[in-house]
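Q: Once you know that position 76 of the sequence shown is 313 in our numbering, the rest is easy, because the numbers rise by one and skip nothing. In this text, a Cβ means the ideal position worked out from N, Cα and C, and glycines have one as well. These numbers come from a predicted model, not from an experiment. Have a look at this one before I ask anything.
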Amino acid sequence: MPSLKDFVAALQAGWFPALAALVGCVIVIAGDWYQVPYLSSTPPFLLTAAVIVGVFAFSVLAANIVYAPIAVWHSMKQGRARKTFKKKIKAEVLSSPPEELAILAYLVTTGRKAFTAELNNRRLAPLVAKGLVIRQGGTHSILEWPFMVQEDVWQILLMHKGELHVPDAANIPDIFHWRNSW
Numbered sequence: 238m239p240s241l242k243d244f245v246a247a248l249q250a251g252w253f254p255a256l257a258a259l260v261g262c263v264i265v266i267a268g269d270w271y272q273v274p275y276l277s278s279t280p281p282f283l284l285t286a287a288v289i290v291g292v293f294a295f296s297v298l299a300a301n302i303v304y305a306p307i308a309v310w311h312s313m314k315q316g317r318a319r320k321t322f323k324k325k326i327k328a329e330v331l332s333s334p335p336e337e338l339a340i341l342a343y344l345v346t347t348g349r350k351a352f353t354a355e356l357n358n359r360r361l362a363p364l365v366a367k368g369l370v371i372r373q374g375g376t377h378s379i380l381e382w383p384f385m386v387q388e389d390v391w392q393i394l395l396m397h398k399g400e401l402h403v404p405d406a407a408n409i410p411d412i413f414h415w416r417n418s419w
């Protein structure tokens, strides 16, 4: 006899294997009931196993049917939260002070989504604090720590690339190198 742990593990199975098991069990039980050749003389343990597996399979199907609307609701809720988050990020980027916007404009003009800078770069600190620029983890040189512009921020910067263009950015030395002053 299966334990409660086996039952809970079975509820985590997909609906397709459960449907296949349920159909197979129904065929074995119905075949014995209607005296179908080869199934009319099934041993009692096989019928018992078919009933138990059928009950488990039906439970898995019922759980998946009940869970389907919950999954749809959850995905809709995540979509709304994602849209709200993007709106807040866009408002944050577009209302940034000129110093922060100049850094973001430099990054999008030079096409540098990922870059290195001093670990405690005072110009990047507000962008990191707001979550617009992400400080990467790991073990690195304190003078060349990897940073990355957050994906949503990068998409917003690309959409507004014309407005944020830095003229002659190719001739400007790397503003994040610790020896250069900007």
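Just reading off the alpha helix (DSSP H) that Ala-266 is part of, what are its end residues?
A: It is worth fixing the name first, because residue 266 is Ile in this sequence and not Ala. Segment 252-270, the alpha helix (DSSP H) holding Ile-266.
Q: Residues in its own chain within less than 6 Å of Ala-351 by CB, not counting five upstream and five downstream?
A: So the list reads Met-385, once near-sequence residues are dropped.
Q: Which same chain residues, not among the five before or five after Trp-391, have their C-beta less than 7 Å away from its C-beta?
A: Lys-350
Q: Identify the residues that DSSP records as bridge partners of Thr-353: which are they?
A: Pro-383
Q: Quick check: is any heavy atom of the ligand MG less than 6 Å from the C-beta of Gln-272?
A: You won't find the ligand MG in this model; it holds no ligand whatsoever.
Q: When the Cα atoms are used, what is the spatial distance from Ile-379 to Val-303?
A: Taking the straight line from one Cα to the other gives about 53 Å.
Q: Across which residues does DSSP place Arg-319 in a beta bridge pair?
A: Looking at the DSSP assignment, Arg-319 forms no beta bridge with any residue, so it has no partner.
Q: Where does Val-288 sit, in a helix, a strand or coil, going by DSSP?
A: Three-state DSSP puts Val-288 in a helix.
Q: Within a Cβ cutoff of 7 Å, which residues of the same chain sit near Leu-364, ignoring the five residues on either side of it in sequence?
A: Glu-337, Ile-340, Val-370
Q: Thinking C-alpha only, which one of Thr-346, Thr-376, His-377 is nearest Asn-408?
A: Thr-346
Q: Mapping the DSSP letters down to three states, classify Val-345 as helix, strand or coil.
A: helix
Q: In this structure, does DSSP put Ile-450 in helix, strand or coil?
A: For residue 450 there is no data in the structure shown, the boundaries of the chain being 238 and 419.
Q: Considering Cα atoms alone, identify which of His-311, Val-290, Pro-410 is closest to Val-260.
A: Val-290
Q: What span of residues does the beta strand (DSSP E) with Val-370 cover, start to end?
A: 370-372
Q: Here's a check: name, in chain order, each residue in its chain whose Cβ is nearer than 7 Å to the Cβ of Gln-373, leaving out the five neighbours to either side.
A: Pro-383, Phe-384, Met-385
Q: Out of curiosity, what's the CA-to-CA distance linking Pro-281 and Ala-258?
A: 18 Å
Q: DSSP three-state label for Gln-249, please.
A: It is coil, neither helix nor strand.
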